[in-house]
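First residue of the sequence shown: 49, per the working numbering; consecutive thereafter. Here a beta-carbon is modelled for each residue, glycine too, at the ideal position from N, C-alpha and C. Only a predicted model underlies this, so the values are computations on that prediction, with no experimental measurement involved.
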Amino acid sequence: MSSYVVVKPHISEKGNHLGESQNVFVFKVSISANKCEIKKRIQELFSVEVEDVRVLNYKGKSRVFKGTKGKTKAFKKAYVKLKEGQDIKFLDN
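Structure representation (structure tokens):
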């Protein structure tokens, strides 16, 4: 299993709302990672119990910059639901 399964947390308004209301956290993950790998790695990294993992694949989009055609990178997001009473602290004030 790759150590780079979980790339980084995905911070957004929707993610913050889900974290507060439904105990769901959003991560950008490796494109080759599957649900089982993501669940196992989150449990190892943050010492929490994961209830459910949902995965979304995003395709790269075509872009034009100063007349040069290009494409943005494709990526995968994982919505990780933790069991009741579990929490992940990203930014402690």
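Quick check on the DSSP output: the beta strand (DSSP E) that includes residue i runs from which residue to which?
i	result
E4	Residue 4 lies beyond the range of the chain shown here (49 to 141); nothing can be said about it.
K76	V72 to V77
A122	Careful: A122 lies outside any beta strand (DSSP E) and carries neither H nor E.
S80	No beta strand (DSSP E) holds S80; DSSP gives it neither H nor E.
F113	S110 to F113
Give the single residue among the options whose Cα lies nearest to the Cα of residue i.
i	options	result
K131	E61, N71 and I59	N71
F73	E85, C84 and K56	K56
D135	L93, E85 and T116	L93
G133	S95, Y127 and K121	S95
K13	Y52, V112 and S110	No statement about residue 13 is possible, as the shown extent of the chain runs from 49 to 141 and does not include it.
To the nearest whole angstrom, what separates the beta carbons of residue i and residue j, a pair I think is in contact under 8 angstroms?
i	j	result
K160	G108	Residue 160 is absent from the model: the chain starts at 49 and stops at 141.
Any heavy atom of the ligand COA within a distance shorter than 8 angstroms of the CB on residue i?
i	result
K107	With respect to the ligand COA, the structure shown offers nothing to examine, as it has no ligands at all.
Run through the DSSP bridge pairs and tell me what residue i is partnered with.
i	result
S60	Its beta-bridge partners do not exist; DSSP assigns none.
Which two residues bound the contiguous alpha helix (DSSP H) that contains residue i?
i	result
K87	K83 to F94
Worksheet item: Is there contact here, the segment 99–108 with the segment 59–70, by at least three beta-carbon pairs under 8 angstroms?
Response: No, they do not touch.
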